[in-house]
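Visitor:
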Amino acid sequence: MIKNIMLLTKLFTINYVQNLNIIDKKKNKINLKSVYVWMIIILLMAICFISNQIIKSLQGIGQEGIFPNIYFTFIFLLLVMQSILICPNIFYFSKDIEMILPYPIKPTELFLAKFNTLVGILYVTELIFMIIPMIMYGIAIHIGIGYYIALISAIILIPIFICIIITFFNILLINLFKIIKNENVYQLLISTLLITIVFFSEYQFISNIIKNEQNFQNTIINLNDIAIYINKTTIVINPFIQILHGKNIISNIIKLFMIYIVTFTSLVYIGSKKYFKRLLTVKSYR
Amino acid sequence: MIKIENVSKSYGNKKVVDNLNLTINDGEIFGFLGPNGAGKTTIIKMITGILSIDKGDIKIDNNSIIKNPVKAKENIGLIPDSPDIFLNLKGIEYLNFVADIYKVGKVERINRIKELSERFNMIKFLEEKIENYSHGMRQKIIIIGVLLHTPKNWILDEPITGLDPKAIYDLKQTMKDYANRGNTVFFSTHILEVAEKLCDKVGIINKGNLIYVGTIEELKQKLKDDESLEELFMELIEND
Numbered sequence: 192m193i194k195n196i197m198l199l200t201k202l203f204t205i206n207y208v209q210n211l212n213i214i215d216k217k218k219n220k221i222n223l224k225s226v227y228v229w230m231i232i233i234l235l236m237a238i239c240f241i242s243n244q245i246i247k248s249l250q251g252i253g254q255e256g257i258f259p260n261i262y263f264t265f266i267f268l269l270l271v272m273q274s275i276l277i278c279p280n281i282f283y284f285s286k287d288i289e290m291i292l293p294y295p296i297k298p299t300e301l302f303l304a305k306f307n308t309l310v311g312i313l314y315v316t317e318l319i320f321m322i323i324p325m326i327m328y329g330i331a332i333h334i335g336i337g338y339y340i341a342l343i344s345a346i347i348l349i350p351i352f353i354c355i356i357i358t359f360f361n362i363l364l365i366n367l368f369k370i371i372k373n374e375n376v377y378q379l380l381i382s383t384l385l386i387t388i389v390f391f392s393e394y395q396f397i398s399n400i401i402k403n404e405q406n407f408q409n410t411i412i413n414l415n416d417i418a419i420y421i422n423k424t425t426i427v428i429n430p431f432i433q434i435l436h437g438k439n440i441i442s443n444i445i446k447l448f449m450i451y452i453v454t455f456t457s458l459v460y461i462g463s464k465k466y467f468k469r470l471l472t473v474k475s476y477r
Numbered sequence: 204m205i206k207i208e209n210v211s212k213s214y215g216n217k218k219v220v221d222n223l224n225l226t227i228n229d230g231e232i233f234g235f236l237g238p239n240g241a242g243k244t245t246i247i248k249m250i251t252g253i254l255s256i257d258k259g260d261i262k263i264d265n266n267s268i269i270k271n272p273v274k275a276k277e278n279i280g281l282i283p284d285s286p287d288i289f290l291n292l293k294g295i296e297y298l299n300f301v302a303d304i305y306k307v308g309k310v311e312r313i314n315r316i317k318e319l320s321e322r323f324n325m326i327k328f329l330e331e332k333i334e335n336y337s338h339g340m341r342q343k344i345i346i347i348g349v350l351l352h353t354p355k356n357w358i359l360d361e362p363i364t365g366l367d368p369k370a371i372y373d374l375k376q377t378m379k380d381y382a383n384r385g386n387t388v389f390f391s392t393h394i395l396e397v398a399e400k401l402c403d404k405v406g407i408i409n410k411g412n413l414i415y416v417g418t419i420e421e422l423k424q425k426l427k428d429d430e431s432l433e434e435l436f437m438e439l440i441e442n443d
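Which chain is which? The protein sequence lines are A and B, in order.
All residue numbers for the first sequence refer to my numbering, where the first residue is 192 and numbers rise by one.
All residue numbers for the second sequence refer to my numbering, where the first residue is 204 and numbers rise by one.
(1) Using a C-beta to C-beta distance shorter than 8 Å, which residues of chain A count as neighbours of B:Val210?
(2) In terms of residues, what are the limits of the beta strand (DSSP E) holding B:Ser391?
(3) Which chain A residues are close to B:Val273, counting only those with a beta carbon under 8 Å from its beta carbon?
(4) Rounding to the nearest angstrom, what Cα-Cα distance links B:Ile304 and A:Ile362 in this structure?
(5) Would you call the CB atoms of A:Ala331 and A:Gln244 closer than 8 Å?
(6) Let me check one thing: in DSSP terms, what residues is B:Trp357 bridge-paired to?
(7) Select from the segment 303–331 of chain B all residues with a C-beta closer than 8 Å to any C-beta belonging to chain A, and list them in chain order.
(8) Any beta carbon from chain B within less than 8 Å of A:Met290's own beta carbon?
(9) Identify the continuous beta strand (DSSP E) that holds B:Ser213 and give its terminal residues.
(10) For A:Thr472 and chain B, any beta-carbon pair shorter than 8 Å?
(11) Please list, in chain order, the residues of the segment 202–214 of chain A that have any C-beta partner in chain B closer than 9 Å.
(12) Whose CA, out of B:Pro283, B:Ile263 and B:Ile288, lies closest to the CA of B:Lys276?
(13) Please classify A:Met478 as buried or exposed, where buried requires at least 16 neighbouring CB atoms within 10 angstroms.
(14) Run the CB neighbour count on A:Met236, radius 10 Å, all protein chains shown included, and call it buried at 16 or more, exposed below.
(15) Kindly indicate which three-state DSSP category B:Phe289 falls into: helix, strand or coil?
(16) Would you report the Cα separation of A:Gln254 and A:Ile417, rounded to the nearest angstrom?
(17) Taking A:Leu199 as the reference, which of A:Phe265, A:Asn260 and A:Ile281 has the closest Cα?
(18) Hey, out of A:Ile323, A:Asn260 and A:Val315, whose CA is closest to A:Ile347's CA?
(19) Since B:Gly234 is in the beta strand (DSSP E), which residue starts that stretch and which ends it?
(20) Name the one or two DSSP bridge partners that B:Tyr415 has.
(21) Can you find at least 3 beta carbon pairs, one from the segment 208–228 of chain B and one from the segment 408–419 of chain B, that sit closer than 8 Å?
(22) Among the candidates B:Asn265, B:Asn314 and B:Ile326, whose CA atom is the shortest distance from the CA of B:Gly294?
(23) Using the beta-carbon of each residue, which ones in chain A are nearer than 7 Å to B:Ser267?
(24) Looking at A:Ile241 and A:Ile411, is the spacing between their C-beta atoms short of 8 Å?
(25) Whole angstroms are fine: how far does the CA of A:Ile213 sit from the CA of A:Phe263?
(26) Is B:Lys423 helix, strand or coil when you go by DSSP?
(27) For B:Thr364, does the three-state DSSP call read helix, strand or coil?
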């Protein structure tokens with residue numbers, strides 16, 4: 192079973208990456224003609240610059256400790272949005288499913304391979320957005336090796352949690368609403384919902400800044416309050432941040448372990464019962 | 204053996220297959236004929252588990268594709284209507300993937316890949332990506348992949364399209380040899396000549412209904428003896 196899952200994961204990931212045209216297939220090197228490659232390079236430079244400025248400003252007011260709070264929330268929301276957008280395509284509408292269906296593969300194997308593909312894609316986003324700012328933060332405030340170990344664990348585990356939750360809701364949505372028979376309907380619904388959320392969040396955020404008369408310290412405190420609220424609601428972020436700060440390490444590891452076991456087991460159960468049957472129905476409408 | 208029992212399928216409100224019953228026995232080459240949109244590819248997709256079945260069941264060597272899909276699929280090899288699949292893999296990577304999925308042993312896979320690649324003139328191209336192959340080469344690599352694990356039931360959806368004359372000849376020979384070894388060969392085609400020369404039995408489908416099953420000779424006797432298969436086919440479709 193594990194061998195088949197790995198084989199399929201490799202196949203789906205190769206398909207996804209090569210369709211982005213990041214690698215020059217003939218020379219087997221990074222394709223510098225690809226728009227994606229340049230987007231990543233520009234994003235990396237911008238992230239380095241902005242993170243450096245924020246960390247310095249926070250150090251200036253003695254509030255550097257809130258950087259992980261705010262940045263983890265940002266990354267968490269970014270990964271959630273990305274996974275909401277790509278999850279249905281990966282699980283239900285991707286073209287590679289049809290070429291795999293005639294093979295003697297168990298529904299659970301296909302489901303877990305698709306899950307791994309989704310996690311892999313989120314890792315790439317995380318590599319671009321998370322690693323450099325968090326290392327810069329570690330260097331700026333001179334934290335010990337424990338911080339980096341906790342950071343690596345967070346980098347590995349946070350996308351898995353996001354994928355569990357989003358995949359779970361994705362399966363429920365597609366099973367509940369029979370209207371979602373093709374990717375266009377789903378993309379339209381999800382995009383409208385996400386744009387509405389982003390629009391109202393930005394409106395709230397800008398209103399707060401205007402109210403605080405563009406005072407940097409107050410804005411940061413407001414942002415931190417929002418981050419603390421979001422982090423509390425998302426169960427796993429706070430334990431990771433506390434571990435990063437070296438607080439309640441053992442109890443937080445146990446808490447995280449329990450959360451992951453329960454949610455992952457529930458997802459595999461729901462996936463094995465509901466995923467495959469609905470997948471074949473969705474395929475009938477393509 | 205492939206057994207289709209009371210199978211129906213609809214896309215939305217449109218019924219594309221209506222209560223179809225059909226048995227294809229071991230050792231038989233069965234040609235599935237019908238105009239575009241008759242339901243041929245839908246039936247092939249239901250046999251191979253790509254599409255769900257609304258009503259009825261399909262059994263592959265007595266394993267239900269609904270109740271026991273993994274076991275049923277172990278005995279199937281499918282050549283799809285479009286060979287544009289696994290394009291991001293090299294030919295050899297695709298063949299190893301198939302061999303891994305069907306658990307073909309290392310020695311056996313090396314021998315089979317060599318033998319089949321030589322037969323279909325593909326040995327020089329195995330290290331190239333499938334996306335760089337021509338249509339016919341893509342078709343050939345899929346045929347090699349399917350025959351790698353010697354499935355009991357070989358299903359081909361429009362297999363002749365895009366192949367050069369030599370490859371068509373090789374494929375027809377391979378199909379004959381395959382059926383002679385007691386396996387089932389089920390294929391859909393538009394080319395009536397191929398069906399006439401190759402098939403032990405044909406099935407003609409129109410608007411989701413099977414309008415004829417039997418040998419070409421029986422079909423000729425049923426209609427007018429001196430007509431070509433093309434004329435018989437047109438007569439059946441127009442009368443339906």
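Glycine is no exception: its CB is placed at the ideal position from the N, C-alpha and C atoms.
Guide: On the basis of the data shown:
(1) Neighbours of B:Val210 on chain A: none; closest Cβ ~14 Å, over 8 Å.
(2) Start and end: Thr387 to Thr392.
(3) Those within 8 Å of B:Val273 in chain A are Pro295, Ile296 and Lys297.
(4) Each residue's Cα considered, the two are about 26 Å apart.
(5) no
(6) Looking at the DSSP assignment, B:Trp357 forms a beta bridge with B:Gly280 and B:Val388.
(7) Asp303, Ile304 and Tyr305
(8) yes
(9) Ile205 to Tyr214
(10) yes
(11) Taken in chain order, the members of the segment 202–214 of chain A whose beta-carbon sits within less than 9 Å of a beta-carbon on chain B are Leu202, Ile205, Asn206, Val208, Gln209 and Asn210.
(12) B:Ile263
(13) Residue 478 of chain A lies beyond the range of chain A shown here (192 to 477); nothing can be said about it.
(14) exposed
(15) B:Phe289 falls in the coil class under three-state DSSP.
(16) 16 Å
(17) A:Ile281
(18) Of the candidates A:Ile323, A:Asn260 and A:Val315, the residue whose Cα lies closest to the Cα of A:Ile347 is A:Val315.
(19) Ile232 to Leu236
(20) B:Tyr415 is bridged to B:Ile407.
(21) The answer is yes - the segment 408–419 of chain B touches the segment 208–228 of chain B, with three or more Cβ pairs under 8 Å.
(22) B:Ile326
(23) Per Cβ cutoff of 7 Å: no residues; B:Ser267 is ~14 Å from chain A at best.
(24) no
(25) 27 Å
(26) B:Lys423: helix per DSSP, three-state reduction.
(27) coil
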